[in-house]
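Residue numbers (UniProt numbering): 304 to 609. The block underneath contains the structure these notes are about, expressed in structure tokens.
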Ligand code: ATP
């Protein structure tokens with residue numbers, strides 16, 4: 304009987320393989336489709352950034368047009384200032400960051416940089432004006448030097464090291480077996496979340512963009528690493544228009560403006576002190592995170608493992 308079933312098993316496997324292949328192809332075409340939708344307008348001019356003011360003007364967007372995620376979001380970040388976006392999970396915070404990069408086109412409203420609609424300028428010029436420090440950067444399977452140098456074509460070794468120093472990762476790199484020539488990524492040395500983030504910061508420093516998007520890591524880094532990274536981020540945000548997608552409120556206390564997003568709508572806005580006094584959603588989130596911080600502070604010290 305088993306001899307009878309073996310060919311059927313085989314047939315099942317062949318069927319599953321072909322079906323998976325078709326699903327993969329469909330996914331690939333979907334990807335090509337979405338990319339094709341984001342095209343430069345005919346004869347699109349390049350973006351001219353003078354001061355780097357960012358403005359969202361009644362932005363409506365859904366990944367699927369049937370399900371709108373952002374319902375008329377408006378805010379402005381004056382040149383050189385910092386705006387923090389906070390709110391519950393799924394509120395649409397990272398979506399705002401993706402839209403500024405024009406990974407997707409919006410269904411209503413406008414997104415402007417220095418008064419120019421980002422949908423009307425070349426994507427190349429838009430993306431070269433914005434630096435992003437993502438939550439979890441995927442490193443190229445190449446050397447750590449290459450991964451930093453990617454921020455600016457033609458950067459010299461001195462410039463790469465300068466950026467690494469400013470991102471507090473130079474000493475770590477010098478301690479690697481082959482220094483800047485050490486291979487990292489999937490097929491090389493695996494870096495920790497904090498180290499990868501510092502490589503991303505160094506790359507961004509090299510790029511030196513007028514507009515910066517920081518997508519804060521959801522995964523907790525140890526508190527010393529986090530403080531170090533926050534210090535570096537604060538210094539690179541100082542001269543640039545910065546949008547911070549924040550998961551921990553301790554990082555937004557100094558922001559020039561905080562917007563609180565809930566289910567794709569801005570429900571509160573203001574500075575930290577104003578929002579705490581307003582006693583709304585932000586104040587509740589702040590109180591909850593403060594309790595968590597206290598609990599962590601009171602937790603008994605764990606003996607280090609030797
Ligand atoms: P978190 O704090 O958990 O990172 P968030 O506020 O950044 O959440 P977004 O990632 O912007 O939230 O997601 C907003 C909504 O859009 C969610 O309902 C999510 O399921 C949906 N969404 C996000 N990315 C996609 C995508 N690529 N395709 C379809 N829906 C998506």
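Don't be surprised by glycine CBs; every beta carbon is placed ideally from N, CA and C.
query                                                                                                                                  : result
Where residue 488 sits in the DSSP three-state scheme                                                                                  : coil
heavy atom of ligand 1 below 7 Å from residue 435 C-beta                                                                               : no
Contact check, residue 397 vs residue 548, beta carbons under 8 Å                                                                      : yes
Contact test: residue 548 Cβ vs ligand 1 heavy atom, cutoff 7 Å                                                                        : yes
Candidates 477, 469, 387, 366: closest to residue 564 by CA position                                                                   : 387
Contacts around residue 412, its chain only, beta-carbon distance under 6 Å, and the 5 residues preceding and following it disregarded : 360, 361, 362, 363
Bridge partners - residue 380, DSSP secondary structure assignment                                                                     : 357
Contacts around residue 528, its chain only, beta-carbon distance under 6 Å, and the 5 residues preceding and following it disregarded : 497
Contact test: residue 431 Cβ vs ligand 1 heavy atom, cutoff 7 Å                                                                        : no
Close Cβ partners of residue 430 (< 7 Å) along its chain, the five nearest in sequence each way excluded                               : 404
Pair within 8 Å by beta-carbon distance, residue 457 and residue 507                                                                   : no
Neighbouring residues (CB closer than 5 Å to any heavy atom of ligand 1)                                                               : 366, 372, 392, 393, 394, 395, 396, 397, 398
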